[in-house]
Amino acid sequence: MEILVCIKRVPDAAENEFELNPAGNDINREDLVYSVNEWDNYAVEEAIQMVDDLGGRVTVVTVGDDDDEEILRREMAMGADNGVLLADDAFKGSDGQGLAAILKAEIGQGDYDLILTGAQADEGAGQVGGMLAAMLDLPYASLVNKIEILDGKTIRVGREIEGGSQEINEIQLPCVLSIQTGINDPRYVGIRGIRKVAKVDIPKKSAADLGLDPAGMGEAGAKTRRVDYFVPDAGGGAEMLEGSTEEIVETLIEKLKANGGL
Amino acid sequence: MTQIFAYIPFKNGSADDIALEYPSAAEKIDAGAGVTAVVTGAGPDLDGVANELTQVYSQVLKIDHGALSYPNAEIVRKALLKVLPADAIILFPHDTFGMDLAPGLSVKMDAAYAADIVDVEGIEGTTLKTVRQELGGAVSTHAAVDLSAGAVMTVRPGAFAPVDAATAQGCVMDKSAEVGDLTAPRKFIEVVEAETGDVDITKSDILVSVGRGIEDEENIEMAEELAAAMGGVVSCSRPIVDAKWMEKSRQVGTSGQTVKPKVYMAMGISGSFQHMGGVKGNPFIVAVNKNPKAPIFQVAEVGILEDILEFMPELSEKIEEMSG
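Going down the list, the protein sequences come from chains A and B. Numbering of the first sequence is given in my numbering, commencing with residue 1 and proceeding in unit increments. Numbering of the second sequence is given in my numbering, commencing with residue 263 and proceeding in unit increments.
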């Protein structure tokens, strides 16, 4: 089983408080803590477990720049066999379809049975997997929370749907799946693992290496462009209770009594 | 201007709530455009929904085919590609169905894709300015969408005001004969319904709901104590289920249970829209969180900036003291 997993380096939502930069055209990226997109970690773990059972290799790929090499190494420390960095100034400002086109070009240079992405990333769009599948003319299932290999050519996948139910489908390989969190328990990556892969060569490919025309890529080729960032008006907004913890507890108890909570 | 289409999912013979929300979104995209509802399925349920929609939409486009008896995204996509004009603007809900179908459809239509739209701020030429959220709702962005070759958009359920039904007297157009072969390499097998757990959180008036802020499985005991003191039960957000600290049946959210308590104690929960999508009935929401920018503070009635691991035991103790 040759499995490719598309991953992304994102600002860690659990570790950062986000603020806008003075120009208002981006978040303040100084001192941000970055990590592998949470959903992608589950996708890589799933790929590693499949290869452990069936043999084969796991390749991790990302579109980005030199800073993004660290997440490829992290996932290789986890157990992925190869990493590939797709980096070119021409890729900057790509929309989902642009990213999918770049990934498609890389996939065309290999021979994969299964392509995985995380169900979504920091932008919350959940778009690249479905676009990639359509561009490759491969079957697709999103929000996958169970994979069962039936006979080497067919897999049975569970998709998460509303209300905690699961939709079961059978799909022919090769295919593209986007992986939902909770499908497995991603393994811990220790310092020793990171050190082991610190010197492994990670190939870096440009638009030319991928046979892509830089002119139609990135922002120039994007049909959807982010214009700016802003902080939305707070809806009703909570009444913030202040004072010592004891005072807050007392006020809260009164409010709970008044609203049927006690 | 191009025609706007709105794909209407339905279940057990009733149109999804978003059927009443799309018209507001379409009005903001282009007030002059006609809006056509699109329904796909098979048999009497489909006819019932199509007829019901004529009270909201002036045109309802119906595709009736045995292969569409379950909304398999790949088959629905194939059917839509046969009947939509090349430069159509088509709206889907940003839910598990929309996310499955819409991105690939945009590629096949060679149209722009805009995901999870929460608002629309006007059009200039063929560029539409949309509003969406990133980083779990921590920041919002404006995105410019080029509509010149059509667009596929997913709309966040609940983001646009529902319109009153029974205002239109529309007609149903049957496009079933145009779709032809609808086979696809992805075969739907079955839906496995969620297991019911030991506690039914949908039946409790008081929920003490824990999120990432609980930090460790052992700390859930603190929430259990608080819930016991308040006469409620403990529920949770998705990461707690992913970490396997609680059963799926305790999860509140669009991918978990829909709850309608009187009081919702959001403890260490950031308040993503997927989570809040499961909290209905306008409960009294108390949010306790260390992060002053947590989106939960925008929807809660009462906010408390504290570490839940210190706050919950103090609150439990005081309530227990009070009840003697």
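Glycine residues also receive a C-beta, built at the ideal position from the N, C-alpha and C atoms.
*Could you give the C-beta distance for B/Gly360 and B/Leu330, rounded to a whole number, given that I count them as a contact under 8 Å?*
Contact flag wrong, Cβ pair sits at about 16 Å.
*Could you name each continuous beta strand (DSSP E) segment of 3 residues or more that falls completely within the region 449–490 of chain B, going from the start of the chain to the end?*
468–472
_On the DSSP letters alone, give me the boundaries of the beta strand (DSSP E) that A/Arg29 sits inside._
Counting along the chain, A/Arg29 falls outside any beta strand (DSSP E), and DSSP gives it neither H nor E.
*asked:* For chain B, check one thing: does any of its Cβ atoms lie closer than 9 Å to the Cβ of A/Phe18?
replied: yes
*Consider the Cβ of A/Ile71: report whether some Cβ of chain B lies at a distance smaller than 9 Å.*
no
*Beta carbon proximity, B/Gly366 to chain A, threshold 9 Å*: yes
_Counting only beta-carbon separations shorter than 9 Å, does B/Gln321 have a partner in chain A?_
no
*asked:* Between the alpha carbons of B/Val380 and A/Ala119, how many angstroms are there, rounded?
replied: 20 Å
_Is there a Cβ of chain A sitting closer than 9 Å to that of B/Met527, yes or no?_
yes
_Please list, in chain order, the chain A residues whose beta carbon lies closer than 7 Å to that of B/Lys510._
Gly164
_Considering just the uninterrupted stretch of the alpha helix (DSSP H) at B/Pro501, what are its terminal residues?_
Arg500 to Asp504
_With 16 other Cβ atoms within 10 Å as the buried cut-off, status of B/Ser585_ = exposed
_B/Glu314 - containing alpha helix (DSSP H), residue span_ = Pro306 to Leu315
*Name, going along the chain, the residues of the region 117–133 of chain A whose beta-carbon falls closer than 9 Å to a beta-carbon of chain B.*
Ala119, Gln120, Asp122, Glu123, Gly124, Ala125, Gly126, Gln127, Val128, Gly129, Gly130, Met131, Leu132 and Ala133
*What residue ranges within the region 52–116 of chain A form continuous alpha helix (DSSP H) runs of no fewer than 4 residues, ordered along the chain?*
69–78 and 96–108
*beta strand (DSSP E) segment containing A/Arg9, residue limits*: Arg9 to Pro11
*Taking 9 Å as the CB-CB cut-off, is A/Val238 touching chain B?*
Note on identity: in this sequence residue 238 of chain A is Ala, with Val being the wrong assignment. Chain B, which has a Cβ nearer than 9 Å to the Cβ of A/Ala238, makes this yes.
*Helix, strand or coil: how does DSSP classify A/Gly118 here?*
strand
_B/Ser276, buried or exposed, once every other Cβ within 10 Å from all chains shown has been counted against 16_ = exposed
*Please classify B/Gln513: does DSSP put it in a helix, a strand, or coil?*
strand
*With DSSP as the reference, please indicate the residues paired to A/Val227 in a beta bridge.*
DSSP, once it has assigned bridges, lists no residue as partnering A/Val227.
*Nearest to B/Glu457 by alpha carbon, out of A/Gln172, A/Gly163, A/Leu173 and A/Asp209?*
A/Gly163
*For A/Val227, decide whether its Cβ has a neighbour in chain B, counting only Cβ atoms nearer than 9 Å.*
yes
_Range of the contiguous beta strand (DSSP E) that encloses B/Pro355_ = Ile351 to Pro355
*Compare the beta carbon distance of A/Leu116 and A/Ser178 with 9 Å and say whether it is the shorter of the two.*
yes
*Would you mind giving the Cβ-Cβ distance between B/Glu336 and B/Ala446, rounded to the nearest angstrom? I have them listed as a contact below 8 Å.*
4 Å
*Check each residue of the region 181–201 of chain A: if its Cβ is closer than 8 Å to any Cβ of chain B, include it; give the result in chain order.*
Thr181, Gly182 and Asp185
*Any beta-carbon of chain B closer than 9 Å to the one on A/Ser35?*
no
*For B/Asn274, is the classification buried or exposed, using 16 other Cβ atoms within 10 angstroms of its Cβ as the cut-off for buried?*
exposed
*With burial defined as no fewer than 16 other Cβ atoms inside 10 Å of the residue's Cβ, what is the status of B/Asp209: buried or exposed?*
Outside the displayed range of chain B (263 to 586) lies residue 209 of chain B, so it cannot be described from this structure.
*State the CB to CB distance for the pair A/Ala238 and B/Ala562, rounded to an integer number of angstroms; the pair is presumed to be in contact (CB under 8 Å).*
4 Å
*Given that a residue counts as buried once 16 or more other Cβ atoms are within 10 Å of its Cβ, and exposed if not, what is A/Leu150?*
exposed
*Residue range of the beta strand (DSSP E) that B/Phe422 falls in?*
Element bounds for B/Phe422: n/a, residue is neither H nor E.
_Quick check: the Cα distance between B/Val338 and A/Arg156, rounded to an integer number of angstroms?_
20 Å
*Cβ of A/Cys6 within 8 Å of any heavy atom in the ligand HEM?*
As for the ligand HEM, it is missing from this structure, which has no ligand bound.
_Residue range of the alpha helix (DSSP H) that includes A/Arg156_ = Note, A/Arg156: premise wrong, no alpha helix (DSSP H); beta strand (DSSP E) at Thr154 to Glu160.
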